[in-house]
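As they're listed, the protein sequences go chains P and R.
Per this note's numbering, the first sequence starts with residue 828, numbered consecutively.
Per this note's numbering, the second sequence starts with residue -7, numbered consecutively.
One structure is given below, encoded as structure tokens.
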Amino acid sequence: MTSTDAEQQIASPEDLRTVEALRAGDERVFRELIERYTASMIRVALMYVRTRPVAEEVVQDTWIGVLGSLPRFEGRSSLRTWIFRILANQARTRARREARSVPFSSLAGPGDDGPTVDPDRFLGADHPAFPGHWASPPRSWEGTPEQELLAGETRERVQDAIDMLPASQRAVISLRDVEGWSSQEVCDLLAISEGNQRVLLHRARAKVREALEEYLDGRAA
Amino acid sequence: MSDAQGMLSCREVVELVTAYLEGALMEAEEVRFEEHLAMCDGCAAYLDQMRRTIDVAGRLDPEAVDVEACDRLIHAFRTWRAGSEPESGS
């Protein structure tokens, strides 16, 4: 992933209007940006620094950095790509400065490379007819009403499950599934390969699905 | 379903779901994945659950931003607007 990949994405007309408004001193637009991106920025910062207070400081410094660099924004990338690139640089710099920084590769955590679904839910490899087939298949959610899936409590469970993920998985699922970034954008920002990103995303989704299944099956029982 | 002729087992299928949804499977693998799905209710339900999980994740409420932090940034913005380089907000 080179930086030129990211720069192929050109700022949208909306991005350019936003930047114009900021340069003109529109405080409301700045507040909207802060509200829209801060939670995800903290998650990305937490991939590099260990504690939430430090991550929050990194995000504060990033916004200051964004203001300082605004005159130099040329629209060669989308505004959010540009903001998050400043964030990632700030976070990496901060992590290097702190002796307690964690290398990215260790963030998946030891013991987090096995199957994403409990092996007990499958028949053994030595089963005569159906080795590796479901012993305890997931219940179909076809009959689960949309409103139950989108109810406040269901969404809370999903949010909780995301919050409990290891930092790198949490950052990737937040950018991809919560914020709707493309795989390419995430790979460029975090300087990881497509394959690595996919593994992190898959592990994250599998855990969130499991939490949702536990909750919905508990209600259905 | 699974057999010795290289059919995918359910255990294998669940690990390929994200690659499938990303369109990252090789063509032959994608065919085997879809063949398995067509005859396995358990894996079809698993794929559907993953899709719905992604859908719910995309509809989470934006998290509230710490008011004090936001106020500090707005203050920094006003300083910046007034023409001076903003000070660090932290």
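Glycine included, C-beta positions come from ideal geometry on N, C-alpha and C.
Residue i burial status per 10 Å Cβ neighbour count (16 or more: buried)
i, result
"R:H67", "exposed"
"P:G959", "buried"
"P:S867", "buried"
"P:E1041", "exposed"
"P:T831", "Any reading at P:T831 must be qualified, since the residue scores a pLDDT of 49, below 50, and its modelled position is unreliable; no value is offered."
"P:V1005", "buried"
"P:R997", "buried"
"P:R1048", "Here residue 1048 of chain P is Ala; the residue named in the question, Arg, does not match the sequence. With fewer than 16 Cβ atoms within 10 Å of its Cβ, P:A1048 is classed as exposed."
"P:A956", "exposed"
"P:S995", "buried"
"P:A1015", "Here the sequence assigns Asp to residue 1015 of chain P, which means Ala is not the residue at that position. When all chains shown are included, P:D1015 counts as buried."
"P:Q974", "exposed"
"P:P937", "Low per-residue confidence applies at P:P937: pLDDT is 46, beneath 50, and the placement is therefore not dependable, though the value from the model is reported in the following sentence. Classification for P:P937: exposed."
"P:T878", "exposed"
"P:S1001", "buried"
"P:A915", "buried"
"P:A922", "buried"
"P:R924", "exposed"
"P:R855", "exposed"
Under 8 Å between C-beta atoms of residue i and residue j
i, j, result
"P:V1013", "P:V999", "yes"
"P:P946", "R:Q41", "no"
"R:V57", "P:I861", "yes"
"P:L1043", "P:T971", "yes"
"P:V876", "P:V885", "yes"
"R:V48", "P:R919", "no"
"P:R1025", "R:E14", "yes"
"R:G34", "P:G1007", "no"
"P:S963", "R:A37", "no"
"R:R44", "P:L976", "yes"
"P:E1021", "P:S1010", "yes"
"P:D939", "P:P880", "no"
"R:R73", "P:G852", "yes"
Beta-bridge partners of residue i, as assigned by DSSP
i, result
"P:F949", "P:W961"
Sequence-distant residues of its chain with Cβ nearer than 6 Å to residue i (five each side left out)
i, result
"P:I785", "The structure shown has nothing for residue 785 of chain P, since chain P only spans 828 to 1048."
"R:T10", "none"
"P:S932", "Here the model assigns P:S932 a pLDDT of 46, short of 50, so the residue's position is not dependable, and the following value carries that caveat. Nothing listed; no residue qualifies."
"P:A882", "I869, A872, L873, V876"
"R:E22", "none"
"P:R1046", "none"
Same chain, Cβ closer than 8 Å to residue i, neighbours up to 5 away in sequence not counted
i, result
"R:M(-1)", "M(-7), R24, E27, H28"
"P:R850", "L897, P898"
"P:I837", "G902, R903, S904, S905"
"P:A952", "P958, G959"
Residues near residue i in its chain [Cβ-Cβ closer than 7 Å; skip 5 each side]
i, result
"P:N1023", "none"
"P:F857", "L849"
"P:Q917", "V885, D888, T889, G892"
Notebook entry, point to check: Can you find at least 3 beta carbon pairs, one from the stretch 843 to 856 of chain P and one from the stretch 878 to 892 of chain P, that sit closer than 8 Å?
Noted result: Under the 8 Å Cβ criterion, the stretch 843 to 856 of chain P does not count as touching the stretch 878 to 892 of chain P, having fewer than three qualifying pairs.
Notebook entry, point to check: Touch check for the stretch 1022 to 1031 of chain P and the stretch 896 to 906 of chain P: three-plus C-beta pairs under 8 Å?
Noted result: By the Cβ rule, the stretch 1022 to 1031 of chain P does not count as touching the stretch 896 to 906 of chain P, because fewer than three pairs are nearer than 8 Å.
Next item on the list: Tell me, please, whether the stretch 968 to 988 of chain P touches the stretch 23 to 34 of chain R by the rule of three or more beta-carbon pairs shorter than 8 Å.
Entry: Touching, no, given that fewer than three Cβ pairs across the two stretches are closer than 8 Å.
Next item on the list: Taking 8 Å as the threshold, find out whether the stretch 4 to 15 of chain R comes into contact with the stretch 47 to 56 of chain R through three or more Cβ pairs.
Entry: No, the stretch 4 to 15 of chain R does not touch the stretch 47 to 56 of chain R.
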